[in-house]
Amino acid sequence: MSYEITLMTTMAISVLFALSLNFITGFCGQISLGHAAFLGAGAYTSAMLSKADVPFLFTIPAAAICAAMLGAIIGLASLRVRHDFLAITTMGVGFLFVGIIRQQDFFGGEIGIAGIPSSGFGKGGFMLICIALALTFAAFSLYVRRSWMGFVFKSIADNEDVTRVLGIDVSRYKLIAFIIGTGTAGVAGALYAHHFRFVGPDSFGFVESISVLAMVIVGGIGSVWGVIFAAALLSVLPMLVQFIDDYKLLFYSGLLFAMMRFSPDGIAGLCTRLFSSIPRRVPDNGGNNR
Amino acid sequence: MTEILHVRDVTVRFGGVYAVQNVDLRINNGELIGFIGPNGAGKTTLMRVITGIVQPQSGRVFLQGVDITDKATHLRIRAGLALAQQIVQPLRALTLLDNVAIACGSDKTRHALKSMWVTDIRSERAQARELLARVGLSHVVDELPGTMPLGYLKRLEVARALALNPRLLLLDEPLAGLSQKEAASLADLIATLNADGQTILLIEHNLREVMRICPTLYVQDNGKSLAFGKTDQVMSDPNVRNAYLGVGHA
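Right under this line is the structure:
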């Protein structure tokens with residue numbers, strides 16, 4: 008049972024992390040190749056506070072605020088650039104984060120921070136907290152999608168210049184998406200730190216950023232259900248299949264390539280096309296169907 | 006007449022080339038001004054100065070007496086401008102109805118955080134339906150722009166601009182690329198909008214339609230103001246004829 012709990016917890020944290028990127032990349036169309044930096048910011052904040060005897064539940068908002076503040080600073084600086092320039096800028100942020108963490112003894116340097124205290128809720132309780140937070144953010148994402156904010160996000164993702172000509176403060180909306188997305192990644196980071204009870208610079212590098220991007224793209228950019236499915240599946244596959252664990256980056260990259268080639272809108276798009284191609288049953292009216 | 010727009014002594018340079026040089030333009034409430042000039046005259050640049058996409062090296066732009074020269078594009082739109090762009094740019098993921106509805110909801114999108122708490126879009130969609138009917142697109146409101154011909158997308162641009170309820174509607178070559186019949190029909194629509202009280206600045210190359218619907222013309226050549234006045238007078242001006250037809254044809 009303990010193994011299943013571990014699997015479920017890993018799944019829930021990955022779903023939350025992937026949904027946080029989906030908010031920025033999927034909803035608002037802003038590509039980020041350094042999202043693991045915000046997971047790391049939250050994880051380190053939570054780990055260090057826990058080591059200083061701050062209760063686990065209090066470290067969650069602190070992790071969110073810290074990651075969101077970092078997100079706001081980077082957002083203000085980098086959201087002026089677009090498309091591939093934004094991808095390169097955010098990738099740079101990811102490398103910068105790991106580089107700084109690695110060099111600072113304050114953050115544990117290369118060794119990282121080990122011996123993070125337990126959450127205090129037991130494995131089962133911790134799993135439930137992770138699932139509850141993932142589901143809450145999923146519900147929030149679905150709500151935002153229906154709101155005027157979601158409507159504007161869709162418009163920005165479609166065409167920023169047109170959105171601006173409609174009198175909309177595009178930069179403000181993009182910044183809010185960035186702050187919410189990075190803050191949520193910080194929450195996922197706090198859970199990550201207390202799940203593995205260890206954080207190190209290698210846990211938040213480029214591979215982690217690509218992995219979470221793969222989850223979003225495979226699930227279907229912008230689709231909450233698709234991303235939940237892909238994140239849940241891709242997070243536990245390496246734990247279930249040794250081959251995938253050994254060749255994780257190769258597997259994710261191959262999957263990304265396959266999706267972009269055959270179904271750019273991911274599993275969600277695949278399902279939509281599949282269901283729309285099934286002819287609807289027409290009620291029998293004595294052979295008068297035309 | 007109330008002055009809506011005043012472009013005062015505006016100059017724009019790209020490197021050493023003057024795109025717009027010491028241009029002065031006034032538009033009063035209810036006017037329909039045809040803005041013409043040969044290729045490279047700086048028409049689109051001046052339009053971009055008005056919308057804030059290009060910053061002038063010197064000069065000011067006033068909208069209803071308020072200096073908007075240093076304001077961002079979205080603030081100028083909120084101050085009363087609306088633009089239908091030369092190259093149609095529909096939001097391709099949205100239906101025609103939602104393309105217009107998002108513009109109708111400018112009150113709801115003014116504050117980013119507040120927009121999160123509002124989900125009702127029914128009144129904006131109803132308004133958008135009316136606007137699309139006004140431009141003759143009531144039969145395709147639920148279609149995606151990708152499946153629509155250029156003529157429809159040009160009308161969509163106009164409907165989306167009208168949805169912002171502007172004091173001044175800027176139309177950048179709305180007739181370009183349309184057949185003669187489509188162009189005449191859209192020109193009629195523009196004239197009707199003006200007759201209903203909409204102030205319009207119309208950049209256009211289609212002289213036939215411009216002369217047919219615009220009572221006033223503003224002509225620019227090589228970035229400089231060439232003529233401004235009644236359409237008949239302007240078109241008989243030798244300088245304007247020279248600019249269009251070359252020296253010797255005036």
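Order-wise, the sequence lines are chains A and B. To convert, count from 1 in the first sequence and add 7; that's the working numbering. To convert, count from 1 in the second sequence and add 5; that's the working numbering. Beta carbons: idealized from backbone N, C-alpha and C, even for Gly. Here the structure is a predicted model, which means the values were calculated and not measured.
Item, Value
"Within a Cβ cutoff of 6 Å, which residues of the same chain sit near B:D267, ignoring the five residues on either side of it in sequence?", "Chain B is shown only over 6 to 255; residue 267 of chain B falls outside these bounds and no answer can be derived."
"In terms of DSSP beta bridges, what is B:G39 paired with?", "B:L207 and B:L222"
"Tell me the rounded alpha-carbon separation between A:N295 and B:V163.", "Only weak support is given to the placement of A:N295: the predicted model assigns it a pLDDT of 39, under 50, and the value that follows is read from those uncertain coordinates. C-alpha separation (whole angstroms): 45 Å."
"Would you list, in sequence order, the uninterrupted alpha helix (DSSP H) runs of no fewer than 4 residues that lie entirely inside the segment 29-61 of chain A?", "43-58"
"Using only alpha-carbon positions, find the residue among B:P95, B:V66, B:T100 and B:L137 that is nearest to B:A84.", "B:V66"
"Do you know offhand how far A:I301's Cα is from B:T124's?", "Outside the modelled stretch of chain A, which goes from 8 to 297, sits residue 301 of chain A, for which no answer is possible."
"Would you decide whether A:M267 is buried or exposed? Buried here means 16 or more other CB atoms lie within 10 Å of its CB.", "exposed"
"Of all the CB atoms in chain A, is at least one closer than 8 Å to the CB of B:R213?", "no"
"With a threshold of 8 Å between beta-carbons, can B:G151 be considered close to chain A, or not?", "no"
"Closer than 7 Å by beta-carbon distance: list the chain A residues that pair up with B:A108, in chain order.", "L173"
"Is there a C-beta anywhere in chain A that falls below 8 Å from the one on B:Q94?", "yes"
"Output yes if chain B places a C-beta closer than 8 Å to the C-beta of A:W232; else output no.", "no"
"Could you list which residues in chain A have their beta carbon closer than 7 Å to that of B:V123, in chain order?", "S154 and W155"
"Classify A:W155: buried if its beta carbon has 16 or more other beta carbons within 10 angstroms, exposed otherwise.", "buried"
"Please state the DSSP three-state secondary structure of A:Y254.", "coil"
"Rounded to whole angstroms, what is the Cα-Cα separation between A:I108 and A:A69?", "18 Å"
"Whose Cβ in chain A lies nearer than 8 Å to the Cβ of B:R83?", "G174"
"Going by alpha carbons, who is nearest to B:N24 out of B:E36, B:K113 and B:V54?", "The sequence given here has Ala at residue 24 of chain B, not Asn. When each option's Cα is compared against that of B:A24, the closest is B:V54."
"Tell me which residues share the same chain as A:T96 and place their Cβ nearer than 7 Å to its Cβ, disregarding the 5 neighbours each side in the sequence.", "S85 and V88"
"With a threshold of 8 Å between beta carbons, is B:K113 in contact with chain A?", "yes"
"Buried or exposed: A:N292, going by 16 or more other Cβ atoms within 10 Å of its Cβ?", "Residue confidence is low: A:N292 scores 43 on pLDDT, short of 50, so the model does not pin down where it sits. Its coordinate-derived value is still stated next. Exposed: under 16 other Cβ atoms inside 10 Å."
"Jot down the residue ranges of each uninterrupted beta strand (DSSP E) in the segment 83-136 of chain B, minimum 3 residues, whole runs only, in chain order.", "86-89"
"What distance in whole Å lies between the Cβ atoms of A:G188 and A:F298, which are believed to be in contact at a cut-off of 8 Å?", "Residue 298 of chain A lies beyond the stretch modelled for chain A, which goes from 8 to 297, so this question has no answer here."
"At 7 Å on the CB atoms, spell out the chain A contacts of B:S120, in chain order.", "S154, W155, M156 and V159"
"What ranges does the alpha helix (DSSP H) occupy inside the segment 73-115 of chain A, keeping only unbroken runs of at least 4 residues that lie completely in it?", "90-110"
"Name, please, each residue of chain B whose Cβ falls closer than 9 Å to the Cβ of A:S284.", "The contacting residues do not exist; A:S284 stays about 18 Å from chain B at best."
"State yes or no: is the beta carbon of A:D165 nearer than 8 Å to at least one beta carbon in chain B?", "yes"
"What residues in its chain sit with their C-beta under 6 Å from that of A:P290, if we drop five residues either side in the sequence?", "In this predicted model, A:P290 has a pLDDT of only 47, less than 50, meaning its place in the structure is not dependable enough to derive any value."
"Given this structure, state the Cα-to-Cα distance separating A:L256 from A:G212, to the nearest angstrom.", "12 Å"
"Can you check the segment 41-87 of chain B for any alpha helix (DSSP H) of at least 4 residues that lies completely inside it and give the ranges in chain order?", "48-56 and 78-84"
"Buried or exposed, going by whether 16 or more other CB atoms sit within 10 Å of the CB of B:I107?", "buried"
"Going along chain C, which residues have a C-beta under 9 Å from A:I183?", "This model lacks chain C altogether; the protein chains it does include are A and B."
"Applying the 10 Å Cβ sphere with the 16-neighbour rule, what's the burial state of B:V71?", "exposed"
"Do B:N227 and B:A46 have their CB atoms nearer than 8 Å?", "yes"
"Compare the beta carbon distance of B:T100 and B:V140 with 8 Å and say whether it is the shorter of the two.", "no"
"Take the Cβ of B:P150 as the centre, count every other Cβ of all protein chains shown within 10 Å, and call the residue buried at 16 or more, exposed below.", "buried"
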